[in-house]
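*Asks:* Following our numbering, the numbering of the sequence shown begins with 121 at its first residue and continues without gaps.
We put the beta carbon where it would ideally sit given N, CA and C, even for glycine.
Once you've had a glance at the structure underneath, I'll fire off some questions.
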Amino acid sequence: MPDSHLPFTGFGTLAVHGGHEADPNYAHLTPIYAGSTYVFDEAEQGMRRFSGEEKGYIYSRWGNPNTSEAEEKISALEGFGLMGADNSPLALRTILHASGMAAISTLLLGNLKAGDKILTHFSLYGGTHDLLETVLPAMGIEPIILDLRDLHAAARAMEADPAIKMLYLETPANPTLQCVDIEELTLLAKRYNMIVAVDNTFATPYLQQPFRHGVDYVVHSTTKFLNGHGTAIGGSLTGKDIDLMNGHITKVHRLLGGSSNPFDAYLLTLGMKTLEVRMERHCHNAMEVAGFLEQHPAVSKVNYLGLPSHPDHNTALKQMRHPGAMLSFEMHGGLEAGKQFIDRLKLCVRAVSLGTCDTLISHPASMTHFSVPREKRLRYGITDGLIRMSVGIEHVQDILMDLDRSLSNASTTTS
Ligand SMILES: *Cc1c(COP(=O)(O)O)cnc(C)c1O
């Protein structure tokens, strides 16, 4: 049986084997532990488990073998090849959550209190933005929202306000693909003793490892590329202060109750085994698609981090292995052209979300941002004809053919 504690040299090996514990019944894969509670041999043993003296499960909201395996795998991948302060491999602890938003909630509520402020970039996942703007202020926690690509502005803001406790980054950001410089911003924030957290959902640890740059926390919506197949909602919170993670943060996680479940954790573990091969293919396909769209007469603009025309191309190259699988583009002809294009697709899937094997395409102006007033939407860069694509792992010629046919005039299609 492979020993998952060996010092593996390859990311792909850790993705396959990391976090696995041998099953007492010799099952190859960890079976789904679909039970809510765990048995004690005797009262004494119950005491030892509750006190933490003996390792073992108690109650599934607190954890179970399936969530543990996914957690250990994420820690292994986020820490791959990184060294800690004492020159031993960087130790990380991950807590799996019911969703990305649950993980972000534990992060924020576990670290901030009334009177604290949180400094962040203006392009963020919509849910995170709303949590910061509409839920946390009622608890006395205020966001400061800036363009953090401007390092001088970031430095001035940090200098000016000692109430800022946390720097919260998302890079590349959803949906604009803006990138912020993790290394430079973390250096600045650490001068003021701030906690630094990064949402690494769009990149995954295969493309980007924020802990390399000294951050304190990484969060994921595991719903996306980590799961990779669109089979479960989930989130993770990974931290490098092991005592804090095992102590206060674990407590906050358990009490807020946003726990994952054995089935979703099992699906996530399976999905992560192929992370490296999927990301290689996703990114390769995305580059081909971006190049194709750039040449297409129906397309006025392509936003892809792999293209030198993207304003954050250099930041992406600096901190990411490849420029990812997300892109967006604008069509001549605005809203109507966007809707017609979407309706003609035969292979690419019309859906929101991202990071699945299947190519997903959405039209923000008629879908995710339909209810946002046009003026506001345009300010965020979401124009009428903007199309967002999560490029999948299909044979790239098939993706290109579907796009080409759908971009051409309605009169030339057979549908
Ligand atoms: C989807 C997403 C989230 C929220 O995750 P859920 O799993 O839907 O709760 C957070 N951050 C980013 C960047 C996302 O794409």
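Ligand 1 heavy atoms versus the CB of M451: any closer than 7 Å?
*Replies:* Taking the sequence shown and counting its residues from 1, one reaches residue 451 at position 331. For ligand 1, not one heavy atom lies less than 7 Å from the Cβ of M451.
*Asks:* Please give the ranges of any alpha helix (DSSP H) in the segment 452 to 481, keeping only runs that are unbroken, at least 4 residues long and fully inside the region.
*Replies:* Correct list: 454 to 464.
*Asks:* Indicate whether L527 and H416 have their beta-carbon atoms separated by less than 8 Å.
*Replies:* For the purposes of this step, residue 527 is taken as the residue at position 407 of the sequence shown. For the purposes of this step, residue 416 is taken as the residue at position 296 of the sequence shown. Taking 8 Å as the Cβ cut-off, L527 and H416 qualify as a contacting pair.
*Asks:* Return helix, strand or coil for N423, following the three-state DSSP convention.
*Replies:* Along the sequence shown, one-based indexing puts residue 423 at 303. Here N423 sits in strand by DSSP.
*Asks:* So is T532 buried or exposed if we call it buried at 16+ other beta carbons inside 10 Å?
*Replies:* Counting from one through the sequence shown, the residue named residue 532 turns up at place 412. With a pLDDT of only 40 at T532, under the threshold of 50, the placement of this residue in the model should not be trusted, and no figure is reported.
*Asks:* Which of helix, strand or coil does DSSP assign to K360?
*Replies:* Here residue 360 refers to the residue found at position 240 of the sequence shown. Note: K360 maps to coil in three-state DSSP.
*Asks:* Keeping to the same chain, check which residues put their C-beta closer than 6 Å to that of T351; ignore five residues upstream and five downstream.
*Replies:* Translated into positions along the sequence shown, residue 351 becomes position 231. Cβ neighbours of T351 beyond the five flanking positions: L387.
*Asks:* Would the C-beta of G230 count as close to ligand 1, meaning under 7 Å from any of its heavy atoms?
*Replies:* As a working note, residue 230 is residue 110 in the sequence shown. G230: no, Cβ never under 7 Å from ligand 1.
*Asks:* Is DSSP giving H544 helix, strand or coil here?
*Replies:* What the structure shows of the chain is the stretch from 121 to 535, and residue 544 is not part of that stretch, so it cannot be assessed.
*Asks:* Less than 8 Å between the C-beta atoms of R327 and G391, yes or no?
*Replies:* Here residue 327 corresponds to residue number 207 of the sequence shown, with the count starting at 1. Here residue 391 corresponds to residue number 271 of the sequence shown, with the count starting at 1. At residue 327 the sequence reads Leu, which differs from the Arg that was named. No, they are not a contact pair.
*Asks:* In terms of DSSP beta bridges, what is K175 paired with?
*Replies:* Here the question's residue 175 lines up with position 55 in the sequence shown. Paired residues: none, contrary to the question.
*Asks:* Of the choices E253, F128, G155 and N145, whose alpha-carbon is the least far from that of A196?
*Replies:* Taking the sequence shown and counting its residues from 1, one reaches residue 196 at position 76. Out of E253, F128, G155 and N145, F128 has the C-alpha closest to the C-alpha of A196.
*Asks:* Terminal residues of the continuous beta strand (DSSP E) containing K438?
*Replies:* Residue numbering aside, residue 438 sits at position 318 when the sequence shown is read from its first letter. Looking at the DSSP string, K438 is not in any beta strand (DSSP E); the run it does join, the alpha helix (DSSP H), is H433 to Q439.
*Asks:* Under 8 Å by Cβ, that's how I've got I238 and I261 pegged, so tell me the actual separation to the nearest angstrom.
*Replies:* By one-based count along the sequence shown, residue 238 stands at place 118. By one-based count along the sequence shown, residue 261 stands at place 141. So it is a contact: roughly 7 Å between Cβ atoms.
*Asks:* Determine the burial state of K344: buried for a count of at least 16 other Cβ atoms within 10 Å of its Cβ, exposed for fewer.
*Replies:* Your numbering for residue 344 matches position 224 in the sequence shown. The residue is buried, with at least 16 neighbouring Cβ atoms inside 10 Å.
*Asks:* Taking the alpha-carbon positions, what's the M121 to A142 distance?
*Replies:* Walking along the sequence shown from the start, residue 121 turns up at place 1. Walking along the sequence shown from the start, residue 142 turns up at place 22. With a pLDDT of only 49 at M121, under the threshold of 50, the placement of this residue in the model should not be trusted, and no figure is reported.
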